[in-house]
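In the working numbering, the protein residues as written are 6 to 104.
Even for Gly, the Cβ is constructed at its ideal location relative to N, Cα and C.
See structure below.
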Amino acid sequence: MEIWDGWNIETPDGFFTLRMIHDLPYMVHFLVNRGKRGGPAYFRLLRTMKNVVKGLGFKKLILNIPKGNEFVRRVASASSRVERPYDANEETQFYLVEV
Numbered sequence: 006m007e008i009w010d011g012w013n014i015e016t017p018d019g020f021f022t023l024r025m026i027h028d029l030p031y032m033v034h035f036l037v038n039r040g041k042r043g044g045p046a047y048f049r050l051l052r053t054m055k056n057v058v059k060g061l062g063f064k065k066l067i068l069n070i071p072k073g074n075e076f077v078r079r080v081a082s083a084s085s086r087v088e089r090p091y092d093a094n095e096e097t098q099f100y101l102v103e104v
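The structure is reproduced here in structure tokens:
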């Protein structure tokens with residue numbers, strides 16, 4: 006397993022951090038700015054993240070979503086067409102999505 010420092014991308018809507026784990030980009034942080042929270046800002050930031058992953062030459066991305074956070078799970082599922090996680094632990098669900 007190879008882990009790199011990764012990328013921290015900031016936009017007017019918020020920021021996200023990606024790292025490489027198991028030769029795939031892995032979302033470490035995803036935060037929408039407090040004044041812009043809501044569906045449209047989440048979708049724009051998620052779209053930006055997917056475009057960055059495509060620009061790096063990857064076709065898949067690992068998303069980790071805390072269990073119990075239904076809003077974020079619905080936004081990720083709607084924009085990625087993923088309905089159930091491929092793996093989970095006590096606190097987090099992991100989704101492998103195509104970009």
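Asked	Found
Secondary structure of P17, DSSP reduced to three states	coil
CB contact flag (L50, D18, <7 Å)	yes
Residues near R24 by beta carbon distance below 6 Å, same chain, minus five either side	G11, Y31, V33
Cβ pair N74, F99 closer than 7 Å	no
Reduced DSSP secondary structure (H/G/I, E/B, other) of P110	Because the chain is modelled from 6 through 104, residue 110 falls outside the range shown and cannot be assessed.
N- and C-terminal bounds of the alpha helix (DSSP H) containing V58	44-60
C-beta contact flag for I67 and L36 at 7 Å	no
Rounded C-alpha distance that separates M54 from F76	18 Å
Backbone CA spacing between G40 and Y91 [nearest angstrom]	32 Å
K59 versus H27 - alpha carbon distance	17 Å
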